[in-house]
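K.L.:
Sharing a structure, written as structure tokens. Questions coming.
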Amino acid sequence: MLEISSTPLVIIAILGTIGVILPIISIARKETGSNSFYAVIAFAALIVSIGYVAYQFVTEHVLPSALFSEDVLVDDAFGGFFAIAMLIVAIFTTVGSFNYMRKQNHPAVYYSLILLSTIGMVLVAYSTDLVMLFVAWELMSIPTYVLAGFMKRNPSSNEAALKYFLFGALSSAIIVYGISISYGLTGSTNIGEVIQGYSTLDPSFLPLALLSVGLFIAGFGFKMGLVPFHMWLPDTYEGAPTPITTLLAAGTKKAGFAAAIRIIILGMVALNLDWTLALGIIAVMTMTIGNIAAIMQKNLARMLAYSSIGHAGYILIGLAVAPFSSMGIQGSMYHILNHAVMKGAAFIAVGGIVTTLAVTNLDKLKGLGRRMPITSLGLVISLLALAGVPPLNGFWSKLMLFGGALDASSSLSWAPWLAIAGVLNSALSLAYYGWIMRKMYFEGETEKRVSEPKSVIAVMIFSMIFMVALGVYPDPIIKFVEMASPTIGLGITP
Amino acid sequence: MATEALGLPFEVGAASAWLVWILPFIAALIMPGIGKLSKNTTGYVAVGFALMSALSAASMLPMALEAHEIHDQVMWIESIGLKGGVLADPLSIIMANVVGWISFLIMIYSTGYMKGDKDITRFWFWMMFFIGSMQLIVLSDNLLQVFFGWEGVGLASYALISFWYRDKKKDHVGTEGRTVLGLLDYYAPTHAGMKAFIMTKVGDVMMIAGMLLIFLFAGTFGFRELMDDHTWATAMSAQGLLVPAFVLLFGGAIGKSAQFPLNEWLLEAMTGPTAVSALIHAATMVKAGVFLVARIGPLVFALGAAGILADQFFEIVAWVGAITALLLATQGMVNPEIKKVLAYSTGSQIGYMMMALGVAGLSHQYVDGYTAGFFHLISHAMFKASLFMAAGSLLHIVGSRFMTDMGGLRKHMKKTYAFMWAAGLGLMGAPFITTGFWSKDAIFAAVYESGSEWALPIFAIAVLTAVITAFYTTRMIGMVFYGKKSRHIEKMEEEGHHIHEASLSMWVPYGILAVLTIGIGLIGFSAEGGIHHLFAEYLDHTFGIHTAHVESGDSFLPAPLDGLNPVALGSSLVAFSIGIGLGYVFYIGRWVDPVKFVNSNIFFYAIHKVILNRWYLNAIIYWCFVVAPLWLSRGIFRYFEKTAIDYGMNNGFQKAVGWGAKVVQGTQTGVAQSYLFVFGAGLLFVVLILLI
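Each protein sequence line maps, in turn, to chains F and W.
Reminder that position 108 of the first sequence reads as 746 in our numbering, one-by-one numbering, no gaps.
Reminder that position 84 of the second sequence reads as 73 in our numbering, one-by-one numbering, no gaps.
Shown next, in the form of structure tokens:
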């Protein structure tokens, strides 16, 4: 049994309580305006949660990356790592919303939904049972359907929500189907037992097991934004309120990866499958299509949306080579954390620009460097970090990812091609990142400085420090990643 | 430690060695802040820090006289076991004092010379940075740290040579419109700074190559560590890499000290403020090369004594010095710009020093040449700093860099006139009363007595150079102070400008140095003996290079001059007399008009032209390394970049990506049904791949 003080339970308690109480308070106060009150409460709850996760790490109450447990949840380093990444994103979203939600109705509901969705994200990472995972998955997803359509008088927000919901429903169905097959084959929903069952499966059932894994890939791949399950993503990211896009791009997407590592990879190990080719092809397709589509975009949010598809491709490299190189899976996790901050910061910056200047078209960003210097600087640094320019943090995680691919080349002759594709794509991505920077700094002359939202500035400063400091001195994070990453291919049996 | 005998704890000595170079850097760092508060204060702060640095250097002098050394190390880069530190032995202590005190005087001078310049803060910043870098070179205990100072000096010189970056006409050097081999011989400050930076960089690259080569075998950059264990040298020698490594190191010295063939930057360096020129020529920069050779010379010699021969190194040093000495001295005879004459003279005198340091290694008495070279460095620092500062005063007051625009100034600027004569006599090597005489004579003797196969040709070059030196110095003084006033000055006076003496803060520094040139000159022989003794002990103690005691024998010279080499002394006297005599005939007595004289004879005319065109060396370098590469790069741009790269690759690639983007976007229809279709197809695709 889990102890009552274990991290997932405490987070459920904190965020759940606050998430439920917020709307009640708003009914009691009989007001709909003033969003900052609720924002501050939500922010405080998230800070306490992240503090608790960190505290558990510092006091060494965390199990080593176990991946399996007899319980439905496990309080291990792997889950803690993702919990930290998700909570950072949730904090970004909350702080970014301070300004964005200023003139919107129903702030209490809004923040409450963010908190509930955050619980779902965190629990996905901690789940060791398929049903638990599915429940967490839905807890994460359903609030975001509402949030994506929160601007209810805005048609594109509605379109975003609808498409997102449609695909979400489809993927949920697919996941449940996958779960049902695996239950039917192994008689259990505990991930450890499922995997053990798979490894001793009668060969005649193999196609069914494969189908279940394929269904999981498609189901989780929808959230991860893998090509060809990505079609909904640009439309939704563009239409949803920008802070929510942050939550989707940097948060729920990463939950997909957490689930993928827990289930897909292990399931494949158990089935003794050569899955590298499948994931490798998807990785290359994902990064290439994401980056190429981003190049011609005129809309900043949409460009970032495609870029985040591209990044899903990079992260997938690490998963593809996982059995041959421990550096690959570490690189993936490292990049997940980095991407959460980099992409989070970029979207918050865009949100700040949208609310302040009401423009998202690239051509209207001329001279932004003069108009909003701090936001622009934060955006530039996060774009450079996304492109993997040293000495920023993105460089190191990409280095580990591509290094992992090279590392695997001794057992996998085509693995270096993944690294080559990744490097070429990074170079390609600089083309559109550079385009944004050029618009902001080298065009336009007469712009005057406008006052930038303080909440955006706060996020910018935090993330700039994160990106630069951990780029210059990445050691602690790399150690953290090494500790939190599971050992794939060894100790399959629970 | 012996320093305890002086009542000083050991740490104090080490602390002063650190302070000598750290203080100027601190001054440089705080300078921008002070400049923000009050521009007038910057000068005082700079002078104050220069004084403190010089005093720190002076506090180490007792240790030098007792031939003790301070070697204080700290861990620098732990992962590769690299240590940094200071090494204060007699060589570096004396050098640090020369640098420190001359710089201090130049800083005082600068307060007058740069008065009212609106970029004064930048000036002080770079000056202090310059001094700090130089002292870092001097006091480093390893090659890598030297290299840091070395690059710092290069950077500071670049910034100071192009200090007047607005490239006004009056700040150029050369004669406007004059061409050599079709190239303009007229340079703007920014061009000059770049030229200095790039030409010295050629040497720097050689130096770092040499350093790393040695590090590869020895695993250390430390001077003392290299000396303590000879195995690395044996290994290098077995592969024939020892001499190349040392020669590469010397390449750095060639660049920094403006020796042939990297000498041409020194002339354009005259675009900087004159105080900068004084600093470059007397105390820092060009002396760095000599110091480096003095640093590694004993090591090479000691290796030779241990059977690991590297004589070629010394031969190259000696010959490069000799060639430079003559080559640049000749050009000093014809140039019309006063600062350029002095610049040529500097290169030539540095050549003397190199010559002495090189010849030292070829003789059995290493200490003779070593002392001679280093003593000449000290005396040159004094009189050259004095001459430059005096020249700066002239420029300041006359407003022209051409000596033809001066003339007849001796009545108006009596102090400058006197000091310039005194310092000029030092440069000429006026017998018995100037430091220049004693140091030059020591070089002559060292060359003559070295017993090397090259002794005689090098000696002949040295003497010929001495004649020329005396001639061009006399010419310079004659053109500036004697004869009639030039039209330029008459015009100035008509316009109401009063020709007057320089201000106090300006003439006092060069006055002091001029007086010292004569003053130390009067006791020069015993001063040289003192240094000789000191270095003999130092070399013996540190490098195990023994100095045989030489019986003075029965010389026919009078008692006070006992020990001088009669041939060297005689040549020195003759050279001085001929040089000053010829100079007097043309420029002071003005019995013969030099212009008519040169034009009277096709032979003289041709020689004059070749020399005035800098032996075509500068033009050839420009043709080979500036004009030709530019042509090449333009050709590549036109015929390759614009065609293959631009039309082929850039546009082609862009088009391909754009096409790809359109295709991808085409799939993004916005219609949810088609999205769902793709989703389903994808699922099928994944399962199929897994089944394969």
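The C-beta atom is built at its ideal place from N, Cα and C for all residues, glycine as well.
The model shown is predicted, which means the values in this text are computed figures rather than measured ones.
Can you give the Cα-Cα distance for V1097 of chain F and A987 of chain F, rounded to whole angstroms?
P.N.:
Numbered from 1 along the first sequence, position 459 holds the residue referred to as residue 1097 of chain F. Numbered from 1 along the first sequence, position 349 holds the residue referred to as residue 987 of chain F. Cα-Cα distance, rounded: 8 Å.
K.L.:
Which of the residues in the region 926 to 944 of chain F, read from start to end, lie with their CB under 7 Å from any CB of chain W?
P.N.:
Those would be I927, I930, A931, I933, M934, in chain order.
K.L.:
Kindly indicate which residue of F:V959, F:M1038, F:G1016 has the alpha-carbon position closest to the one of I899 of chain F.
P.N.:
As a working note, residue 899 of chain F is residue 261 in the first sequence. The residue with the shortest Cα to Cα distance from I899 of chain F is F:V959.
K.L.:
Given this structure, state the Cα-to-Cα distance separating T926 of chain F from A650 of chain W, to the nearest angstrom.
P.N.:
As a first step, residue 926 of chain F must be located in the first sequence, where it is residue number 288. As a first step, residue 650 of chain W must be located in the second sequence, where it is residue number 661. About 10 Å.
K.L.:
Sorted by chain position, which residues of the same chain lie with C-beta nearer than 7 Å to A380 of chain W's C-beta, five sequence neighbours on each side aside?
P.N.:
One-based indexing of the second sequence puts residue 380 of chain W at position 391. Same-chain partners within the cutoff: T263, I327, K328, L331.
K.L.:
Take the Cβ of A888 of chain F as the centre, count every other Cβ of all protein chains shown within 10 Å, and call the residue buried at 16 or more, exposed below.
P.N.:
Looking up residue 888 of chain F in the first sequence gives position 250. So A888 of chain F counts as buried.
K.L.:
Going by the DSSP bridge assignment, what does K72 of chain W pair with across the sheet?
P.N.:
Within the second sequence, residue 72 of chain W is the residue found at index 83, counting from 1. Paired residue(s): W:M64.
K.L.:
Is it the case that the region 348 to 358 of chain W contacts the region 637 to 650 of chain W, given that we only count it when at least three CB pairs across the two stretches are under 8 Å?
P.N.:
Flag = no, the region 637 to 650 of chain W and the region 348 to 358 of chain W do not touch.
K.L.:
Confirm, please, whether the CB-CB distance from N602 of chain W to V169 of chain W is below 7 Å.
P.N.:
By one-based count along the second sequence, residue 169 of chain W stands at place 180. By one-based count along the second sequence, residue 602 of chain W stands at place 613. Yes.
K.L.:
Please report the residue range of the alpha helix (DSSP H) in which T458 of chain W lies.
P.N.:
Walking along the second sequence from the start, residue 458 of chain W turns up at place 469. Looking at the DSSP string, the run of the alpha helix (DSSP H) that includes T458 of chain W is 444 to 470.
K.L.:
Measure the beta-carbon distance from K1004 of chain F to E1090 of chain F and round it to whole angstroms, keeping in mind my assumption that it falls under 8 Å.
P.N.:
For the purposes of this step, residue 1004 of chain F is taken as residue 366 along the first sequence, with counting starting at 1. For the purposes of this step, residue 1090 of chain F is taken as residue 452 along the first sequence, with counting starting at 1. K1004 of chain F to E1090 of chain F, Cβ: 17 Å. No contact.
K.L.:
Between the alpha carbons of M200 of chain W and Q228 of chain W, how many angstroms are there, rounded?
P.N.:
Here residue 200 of chain W refers to the residue found at position 211 when the second sequence is read from its first residue. Here residue 228 of chain W refers to the residue found at position 239 when the second sequence is read from its first residue. Distance between the alpha carbons of M200 of chain W and Q228 of chain W is about 17 Å.
K.L.:
For A411 of chain W and A272 of chain W, which I take to be in contact (beta-carbon distance under 8 Å), what is that distance rounded to the nearest angstrom?
P.N.:
Position 422 of the second sequence, counted from the start, is the residue given in the question as residue 411 of chain W. Position 283 of the second sequence, counted from the start, is the residue given in the question as residue 272 of chain W. Incorrect: roughly 19 Å between the Cβ atoms, too far for contact.
K.L.:
Cβ of S246 of chain W within 7 Å of Cβ of I126 of chain W?
P.N.:
Locating residue 246 of chain W in the second sequence gives position 257, counting from the first residue. Locating residue 126 of chain W in the second sequence gives position 137, counting from the first residue. Cβ atoms of S246 of chain W and I126 of chain W: not closer than 7 Å.
K.L.:
Strictly under 7 Å for the Cβ-Cβ distance: is S337 of chain W near chain F by that measure?
P.N.:
Translated into positions along the second sequence, residue 337 of chain W becomes position 348. Output row for S337 of chain W: interface = no.
K.L.:
Chain W partners of F858 of chain F, CB-CB under 7 Å?
P.N.:
To locate residue 858 of chain F, count along the first sequence from 1; it is residue 220. Simply none; closest approach about 11 Å.
K.L.:
For a contact defined as C-beta to C-beta under 8 Å, what are the partners of I919 of chain F on chain W?
P.N.:
Start at 1 with the first residue of the first sequence, and residue 919 of chain F comes out as number 281. Result: I678.
K.L.:
From the DSSP secondary-structure annotation, give me the bridge partner or partners of G211 of chain W.
P.N.:
As a position in the second sequence, residue 211 of chain W is number 222, starting the count at 1. According to DSSP, which records beta bridges pairwise, G211 of chain W is partnered with W:N131.
K.L.:
For the alpha helix (DSSP H) containing T874 of chain F, list its first residue and its last residue.
P.N.:
As a position in the first sequence, residue 874 of chain F is number 236, starting the count at 1. Run containing T874 of chain F: 870 to 877, per the alpha helix (DSSP H) assignment.
K.L.:
Going by the CB atoms, is the gap between M117 of chain W and P13 of chain W shorter than 7 Å?
P.N.:
Against the second sequence, residue 13 of chain W aligns to sequence position 24. Against the second sequence, residue 117 of chain W aligns to sequence position 128. Cβ distance < 7 Å, so P13 of chain W and M117 of chain W count as in contact.
K.L.:
Buried or exposed: where does F629 of chain W fall if 16 or more other Cβ atoms within 10 Å of its Cβ makes it buried?
P.N.:
Translated into positions along the second sequence, residue 629 of chain W becomes position 640. F629 of chain W is exposed by the Cβ-count criterion.
K.L.:
Would you mind giving the Cβ-Cβ distance between I386 of chain W and I297 of chain W, rounded to the nearest angstrom? I have them listed as a contact below 8 Å.
P.N.:
Counting from one through the second sequence, the residue named residue 386 of chain W turns up at place 397. Counting from one through the second sequence, the residue named residue 297 of chain W turns up at place 308. Not a contact, Cβ separation roughly 57 Å.
K.L.:
Is it the case that the Cβ atoms of F716 of chain F and P1124 of chain F are separated by a distance below 7 Å?
P.N.:
Indexing the first sequence from 1 puts residue 716 of chain F at position 78. Indexing the first sequence from 1 puts residue 1124 of chain F at position 486. The answer is yes: Cβ separation under 7 Å.
K.L.:
Measure from the C-beta of I855 of chain F to each C-beta in chain W and report whether the shortest distance is under 7 Å.
P.N.:
Numbered from 1 along the first sequence, position 217 holds the residue referred to as residue 855 of chain F. I855 of chain F counts as touching chain W.
K.L.:
Grab me the residues of G669 of chain W's own chain with a C-beta within less than 7 Å of its C-beta, minus the 5 sequence neighbours each way, in chain order.
P.N.:
The residue labelled residue 669 of chain W in the question sits at position 680 within the second sequence. Closer than 7 Å at Cβ, skipping near neighbours: no residue.
K.L.:
May I ask you to report which of helix, strand or coil DSSP gives V9 of chain W?
P.N.:
As a first step, residue 9 of chain W must be located in the second sequence, where it is residue number 20. V9 of chain W falls in the helix class under three-state DSSP.
K.L.:
Find the nearest neighbour of A728 of chain F within the set F:G1060, F:G982, F:I933, judged by alpha-carbon distance.
P.N.:
In the first sequence, counting from the first residue as 1, residue 728 of chain F sits at position 90. The shortest C-alpha separation from A728 of chain F is found at F:G982.
K.L.:
Given a cut-off of 7 Å, decide if V979 of chain F and F1104 of chain F are closer than it, judged by their beta-carbon atoms.
P.N.:
Translated into positions along the first sequence, residue 1104 of chain F becomes position 466. Translated into positions along the first sequence, residue 979 of chain F becomes position 341. The answer is yes: Cβ separation under 7 Å.
K.L.:
According to DSSP, is T632 of chain W part of a helix, a strand, or is it coil?
P.N.:
Looking up residue 632 of chain W in the second sequence gives position 643. Correct three-state label for T632 of chain W: helix.
K.L.:
Let me know the secondary structure DSSP gives S441 of chain W once reduced to three states.
P.N.:
On the second sequence, residue 441 of chain W is found 452 positions in, with the first residue counted as 1. If DSSP states are grouped into helix, strand and coil, S441 of chain W belongs with coil.
K.L.:
Suppose you measure from the CA of G990 of chain F to the CA of A996 of chain F; what does that come to, to the nearest Å?
P.N.:
Position 352 of the first sequence, counting from 1, holds the residue named residue 990 of chain F. Position 358 of the first sequence, counting from 1, holds the residue named residue 996 of chain F. Cα to Cα, G990 of chain F sits roughly 9 Å from A996 of chain F.
K.L.:
Is it buried or exposed, K644 of chain W, if we count other Cβ atoms within 10 angstroms and call 16 or more buried?
P.N.:
Taking the second sequence and counting its residues from 1, one reaches residue 644 of chain W at position 655. Classification of K644 of chain W: exposed, given that the 10 Å Cβ count is below 16.
K.L.:
If I follow the unbroken beta strand (DSSP E) through R940 of chain F, where does it start and stop?
P.N.:
The sequence position of residue 940 of chain F within the first sequence is 302, counting from 1. No beta strand (DSSP E) contains R940 of chain F, which is instead part of the alpha helix (DSSP H) from 938 to 958.
K.L.:
Give the range of the beta strand (DSSP E) segment to which T164 of chain W is assigned.
P.N.:
The residue labelled residue 164 of chain W in the question sits at position 175 within the second sequence. Taken as a continuous stretch (DSSP letters only), the beta strand (DSSP E) holding T164 of chain W covers 162 to 169.
K.L.:
Let's test the definition: count the other Cβ atoms within 10 Å of the Cβ of Q124 of chain W and tell me whether it reaches 16, buried, or not, exposed.
P.N.:
Looking up residue 124 of chain W in the second sequence gives position 135. Buried, since its Cβ has 16 or more Cβ neighbours within 10 Å.
K.L.:
Count Cβ pairs between the region 41 to 49 of chain W and the region 74 to 90 of chain W that sit closer than 8 Å; are there 3 or more?
P.N.:
Yes, since at least three Cβ pairs between the region 41 to 49 of chain W and the region 74 to 90 of chain W fall closer than 8 Å, the two stretches touch.
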